[in-house]
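Visitor: Using numbering that gives the first Met the number 0, read the sequence shown as starting at 0 and increasing by one per residue. Have a look at this one before I ask anything.
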Amino acid sequence: MTGVTGVTGVSSADLLERWDRQQAAYIAEREGRFAAMLDVLDLQCGGEPAVVVDLACGPGSLSFRVLERFPRARVLGVDHDPALLALAREAGERYGDRVAFVDDDLTADGWVERLRAHVGDEPVAGVVSTTALHWLSPAQLVAAYRDARDLLADDGVLLDGDHFRYDHRQPRLRSWAAEHDRRTQEAAFDRGAEPWDTWWSELSARAGYAELVAERDRRFADRPAPEATGVGFRLAALAQAGFAEHGTVWQLFDDFVVYGVA
Ligand SMILES: C[S@@+](CC[C@H](N)C(=O)[O-])C[C@H]1O[C@@H](n2cnc3c(N)ncnc32)[C@H](O)[C@@H]1O
């Protein structure tokens, strides 16, 4: 797909920007969270990460921020949604061969070997992910973290930004976080952010995208969200996956960025 407009006349850049506004309705300080992740990459890699892998990259929000911040970096985004990948590829055309978006399933055997073919000889300095790995079951998450650690060069860093929910052990924090989420959404929708379903209708209306959205629906039909886990679980998963050092670099209520150094 070469053109940037579909039958609705909406450009890929416009849809990407609207994706960002829509996601920011659910993540109170989404840009701050991205900035913290980019700062860590910068600090750990002396400002020049060679290759960065964006797991469950969606339409490329974080991939594009990495490319902007590090002008010599190459980014490989992986996702299993053919519609979001198509949008990412369109929006990423301006970066040429500095970026590639790869269709694979992070729960499937062998995704990391298949990805290695795209990496080439350069070291993978960072594996990043946002608002996504909560879709993996606990066992799948540990396996994905382990695969990410194997992919990373020595001293490379994994950064995972996501909601890690509180449970009955912290009832006040859980209710503050829920009310904070509700207020964030209310304020964002008052400012004109689109609800999730409206955004997807716009995407489907673009030339060639209805089939991709139907394929997406087919692929994800039998995948209910696993039970939510807390930050303690993610930290244990990083340790279990063999990261030499791990911890938290950013937090707002139940929204965290955890890191692991390979
Ligand atoms: C809410 S979106 C986040 C996208 C992007 N990282 C961002 O922050 O805007 C969650 C993404 O996870 C992807 N995803 C969920 N399960 C996946 C899997 N098993 N393999 C690859 N991608 C997956 C979905 O296709 C979707 O693009």
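Heads up, the beta-carbon is just placed ideally off N, CA and C, and yes, glycines get one too.
Contact check, residue 33 vs residue 61 under 8 Å by CB: the rounded distance?
Guide: 6 Å
Visitor: My guess is that residue 59 and residue 87 are in contact by the Cβ rule of under 8 Å, so how many angstroms apart are they, rounded?
Guide: 4 Å
Visitor: My understanding is that residue 22 touches residue 130, with C-beta atoms under 8 Å, so please give their C-beta distance in whole angstroms.
Guide: 7 Å
Visitor: In its own chain, which residues sit with a C-beta less than 7 Å from the C-beta of residue 48, not counting the 5 before and 5 after it?
Guide: 40, 69, 72, 124, 125
Visitor: Specify which residues have a beta carbon nearer than 6 Å to any heavy atom of ligand 1, listing them in chain order.
Guide: 22, 55, 56, 57, 60, 61, 78, 79, 80, 83, 104, 105, 106, 129, 130, 131, 134
Visitor: Label residue 63 either buried or exposed according to how many other C-beta atoms from any shown protein chain fall within 10 Å of its C-beta, with 16 as the threshold for buried.
Guide: A residue is called buried once 16 or more other Cβ atoms fall within 10 Å of its Cβ, and residue 63 is buried on that count.
Visitor: Kindly provide the ranges of any alpha helix (DSSP H) runs that are 4 or more residues long and lie completely inside the stretch 141-203, ordered along the chain.
Guide: 170-189, 195-203
Visitor: Closest to residue 66 by C-alpha separation, out of 247, 185, 51, would be which residue?
Guide: 51
Visitor: Taking all protein chains shown into account, do 16 or more other C-beta atoms lie within 10 angstroms of the C-beta of residue 128, making it buried, or fewer, making it exposed?
Guide: Classification for residue 128: buried.
Visitor: Report buried or exposed for residue 42, applying the criterion of at least 16 other Cβ atoms within 10 angstroms of its Cβ.
Guide: Exposed.
Visitor: Buried or exposed, going by whether 16 or more other CB atoms sit within 10 Å of the CB of residue 231?
Guide: exposed
Visitor: According to DSSP, residue 249 sits in a beta bridge with which residue or residues?
Guide: 256
Visitor: Within 10 angstroms of its Cβ, does residue 18 collect 16 or more other Cβ (buried), or is it exposed?
Guide: buried
Visitor: Comparing C-alpha positions only, which one of 105, 74, 108, 244 sits nearest to residue 92?
Guide: Selected option, being the one with the closest Cα: 74.
Visitor: Identify whether residue 40 lies in helix, strand or coil by the three-state DSSP scheme.
Guide: helix
Visitor: Tell whether a beta-carbon distance below 8 Å holds between residue 270 and residue 227.
Guide: Because the chain in this structure spans residues 0 to 261, residue 270 falls outside the shown range and cannot be described.
Visitor: Candidates 250, 239, 251: which alpha carbon is nearest residue 259's?
Guide: 239
Visitor: Determine which residues share a DSSP beta bridge with residue 100 and list them.
Guide: Per DSSP, 76.
Visitor: Could you have a look at residue 53 and say whether DSSP puts it in helix, strand or coil?
Guide: strand
Visitor: DSSP three-state call for residue 9: helix, strand or coil?
Guide: Assignment of residue 9 by DSSP, reduced to helix, strand and coil, places it in the coil class.
Visitor: Under the rule that 16 or more other beta-carbon atoms within 10 Å means buried, what is residue 255, buried or exposed?
Guide: buried
Visitor: So residue 76 and residue 53 are supposed to be a Cβ contact under 8 Å. How far apart are they, rounded?
Guide: 4 Å
Visitor: Opposite residue 129 in the DSSP bridges: which residues?
Guide: 160
Visitor: Drop a sphere of 10 angstroms on the beta-carbon of residue 102, count the other beta-carbons inside from all chains shown, and report buried for 16 or more, exposed for fewer.
Guide: Residue 102 should be labelled exposed.
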